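In terms of the working numbering, the sequence shown opens at residue 320 and continues consecutively.
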Amino acid sequence: MARATIQHFRDKKQKGQKLTLITAYDYTFGRIVDEAGFDGILVGDSLAMVVQGLDNTLPVTMDEMLYHTRLVSRAVEKSMVIGDMPFMSYQVSVEDAVRNAARFIKESGAQAVKIEGGSEIIPQVKAIVRAEIPVMAHIGLTPQAIYRMGGYKVQGRTEEAGKILIEDAKKLEDAGAFSIVLEAMPSALAAQITASLSIATIGIGAGADCDGQILVLHDVLGLFERFVPKFVKKYAGLKTETLNALKQYKEEVETGIFPSTKESFQ
Ligand code: KIV
320 MARATIQHFR
330 DKKQKGQKLT
340 LITAYDYTFG
350 RIVDEAGFDG
360 ILVGDSLAMV
370 VQGLDNTLPV
380 TMDEMLYHTR
390 LVSRAVEKSM
400 VIGDMPFMSY
410 QVSVEDAVRN
420 AARFIKESGA
430 QAVKIEGGSE
440 IIPQVKAIVR
450 AEIPVMAHIG
460 LTPQAIYRMG
470 GYKVQGRTEE
480 AGKILIEDAK
490 KLEDAGAFSI
500 VLEAMPSALA
510 AQITASLSIA
520 TIGIGAGADC
530 DGQILVLHDV
540 LGLFERFVPK
550 FVKKYAGLKT
560 ETLNALKQYK
570 EEVETGIFPS
580 TKESFQ
C-alpha cells in the first residue's frame, strides 16, 4: 500500500469506510503501528502525560514534539504521520503557526499537523493550508484548554454549546482542514457534525458514527493507568505483562538461572 494521503482520507469518507488512527511517540512503536496498517499515526502532545509523566499537555515544547515526531517518521512508511502542534506554538500569531507547522514538515518528516481549537484559530488554519501543509483540526474537549474548561469534561452537552461546535466544524472545513478530531462529546452531536461535513471526522469519545476513530497507544495497550478516560477500550494488559517479565528476569539473575550456557560464549 502507498502512503496514506489526504485524498485517501477523503476517499474513505466517501466510500463509508472507517478511518483508523492511533498515537505513537517513538521508533519501535511507530514500526509496529505502521505494520498494523493504520491510516494515520498522530504524534500527539499526549506524550507530555504518557511519556514525560507530566500532569497535562501544556508544558511540552516544539523541540520535544519535533524530536518524537522524527523518531516515529523514521519508522513509518505507509501511515500518514501527523505532528501535533503544542500549546503556544500557534496561538500567539498566524506567523508563528505557519513557521511551527512548517518545522513539523521540514525537520520531523510529518505529512500533516493537528491543531486544537474552533473559530478563534481559523486565520491560522487558512494560513497553514495556504502554505501547502495539510491540517487536521480538533474540537470538543481540547486538552490545551483544560484550565478554561475546568478539567477533562465532555463538551457540547447544551443546545447552545452543541450549536457552537457544529458551526466551528463547518468553519474549519471551509478554512481547508482535511479532517477533524471530535473529542469527548455526545454521540448524537458528533453524528450530526459528521453528516454535515464532507471532510472526515475522527472520534475519540464521540461515538460510533464518526468517520474514523483515534485512541492513545498507551491506553489501548494498557500501559498507562494513572488516568483512564471512560472512552478508552484496553486491548492488552502490557503493564502487567511487562512487570511480570521484569520480575522473572530479576529473579533469574538473583537465583543464577540467567545467564545459562545458551546465553553465554564458549
Ligand atoms: O494528543 C493526543 O494524543 C491527541 C489525541 C488523543 C486526539 O490529541
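Ideal Cβ positions, reconstructed from N, Cα and C, are used throughout, including at glycine. Given the structure is predicted, the values throughout are model-derived calculations rather than measurements.
Q) Which residues bound the alpha helix (DSSP H) around Ala519? A) Sequence index remark: in the sequence shown, residue 519 carries index 200 (1-based). Here Ala519 belongs to no alpha helix (DSSP H); instead the beta strand (DSSP E) covers 519-523.
Q. At what residues does the beta strand (DSSP E) containing Gly402 begin and finish?
A. Position 83 of the sequence shown, counted from the first residue, corresponds to residue 402. Its beta strand (DSSP E) spans residues 399-403.
Q: Please name the residue or residues paired with Thr342 in a DSSP beta bridge.
A: On the sequence shown, position 23 is the one that residue 342 refers to. Among the bridge pairs identified by DSSP, Thr342 is matched with Leu361.
Q.
Could you tell me which whole beta strand (DSSP E) segments of length 3 or greater appear in the region 440-471?
A. The region 440-471 is shown to contain whole beta strand (DSSP E) runs of 3 or more residues at 454-459, in chain order.
Q) Whose C-beta lies closer than 6 Å to the C-beta of Leu366 among residues of the same chain, with five residues either side of it excluded? A) Numbered from 1 along the sequence shown, position 47 holds the residue referred to as residue 366. Apart from the 5 residues on each side of it in sequence, Leu366 sits with its Cβ closer than 6 Å to the Cβ of Tyr344, His387 in its chain, given in chain order.
Q: Tell me whether Glu435 is buried or exposed, calling it buried when 16 or more other Cβ atoms sit within 10 Å of its Cβ.
A: Mapped onto the sequence shown, residue 435 falls at position 116. When all chains shown are included, Glu435 counts as buried.
Q: For the beta strand (DSSP E) holding Ile499, just list the boundary residues, first then last.
A: For the purposes of this step, residue 499 is identified with residue 180 of the sequence shown, where counting begins at 1. Segment 498-502, the beta strand (DSSP E) holding Ile499.
Q: Count the other CB atoms, across all protein chains shown, that sit within 10 Å of the CB of Pro453; report buried if there are 16 or more and exposed otherwise.
A: On the sequence shown, position 134 is the one that residue 453 refers to. It counts as buried.
Q: Would you give the residue range spanned by the beta strand (DSSP E) that Ala431 belongs to?
A: In the sequence shown, residue 431 corresponds to position 112, counting from 1. Run containing Ala431: 431-435, per the beta strand (DSSP E) assignment.
(Q) According to DSSP, is Leu534 part of a helix, a strand, or is it coil? (A) Start at 1 with the first residue of the sequence shown, and residue 534 comes out as number 215. Annotated three-state conformation of Leu534 is strand, per DSSP.
Q | Start and end residues, alpha helix (DSSP H) containing Val391 | A | Locating residue 391 in the sequence shown gives position 72, counting from the first residue. Val391 -> alpha helix (DSSP H) spans 381-394.
**Q.** Per-residue DSSP class, three states only, for Asn563
**A.** Indexing the sequence shown from 1 puts residue 563 at position 244. When secondary structure is reduced to three states using DSSP, Asn563 falls in the helix class.
Q | Backbone CA spacing between Pro578 and Val572 [nearest angstrom] | A | Here residue 578 refers to the residue found at position 259 when the sequence shown is read from its first residue. Here residue 572 refers to the residue found at position 253 when the sequence shown is read from its first residue. Computed Cα separation, rounded: 7 Å.
Q) What is the rounded straight-line gap between the Cα of Asp415 and the Cα of Ala519? A) The count along the sequence shown starts at 1 and reaches residue 415 at position 96. The count along the sequence shown starts at 1 and reaches residue 519 at position 200. Just so you know, the alpha carbons of Asp415 and Ala519 end up roughly 27 Å apart.
**Q.** the ligand KIV heavy atom lying under 8 Å from the CB of Asp364
**A.** Taking the sequence shown and counting its residues from 1, the one referred to as residue 364 is at position 45. Asp364: yes, Cβ under 8 Å from the ligand KIV.
Q) Starting from Gln511 and walking both ways along the alpha helix (DSSP H), at which residues does that stretch end? A) Counting from 1 along the sequence shown, the entry for residue 511 is found at position 192. Gln511 -> alpha helix (DSSP H) spans 506-515.
Q. By a C-beta neighbour count over all protein chains shown, 10 Å radius and 16 as the cutoff for buried, is Ile447 buried or exposed?
A. Stepping through the sequence shown from its first residue, residue 447 is reached at position 128. With 16 or more other Cβ atoms inside 10 Å of its own Cβ, Ile447 counts as buried.
Q | Member of Arg389, Cys529, Phe328, His457 whose CA lies at the smallest distance from the CA of Thr347 | A | For the purposes of this step, residue 347 is identified with residue 28 of the sequence shown, where counting begins at 1. Nearest C-alpha to Thr347: Arg389.
Q. What three-state label does DSSP hand Ser438 in the structure shown?
A. For the purposes of this step, residue 438 is taken as residue 119 along the sequence shown, with counting starting at 1. Reduced to three states, the DSSP call for Ser438 is helix.
Q. Taking 8 Å as the cut-off, is the CB of Ile533 close to at least one heavy atom of the ligand KIV?
A. Residue 533 sits at position 214 when you count from the first residue of the sequence shown. Yes.
Q: Decide if the region 404-418 is in contact with the region 500-511; the criterion is three or more beta carbon pairs, one per stretch, under 8 Å apart.
A: Judged by pairs of C-beta atoms under 8 Å, the region 404-418 does not touch the region 500-511, as fewer than three such pairs exist.
Q: Measure the C-alpha to C-alpha separation of Val417 and Glu426 and round it to an integer number of angstroms.
A: To locate residue 417, count along the sequence shown from 1; it is residue 98. To locate residue 426, count along the sequence shown from 1; it is residue 107. Roughly 14 Å between the two C-alpha positions.
**Q.** Separation of Gly459 from Val473, as counted between CA atoms
**A.** Along the sequence shown, one-based indexing puts residue 473 at 154. Along the sequence shown, one-based indexing puts residue 459 at 140. In this structure, the CA atom of Val473 is about 8 Å from the CA atom of Gly459.
**Q.** C-alpha distance - Arg476 paired with Ile523, whole-angstrom precision
**A.** Position 157 of the sequence shown, counting from 1, holds the residue named residue 476. Position 204 of the sequence shown, counting from 1, holds the residue named residue 523. C-alpha separation (whole angstroms): 16 Å.
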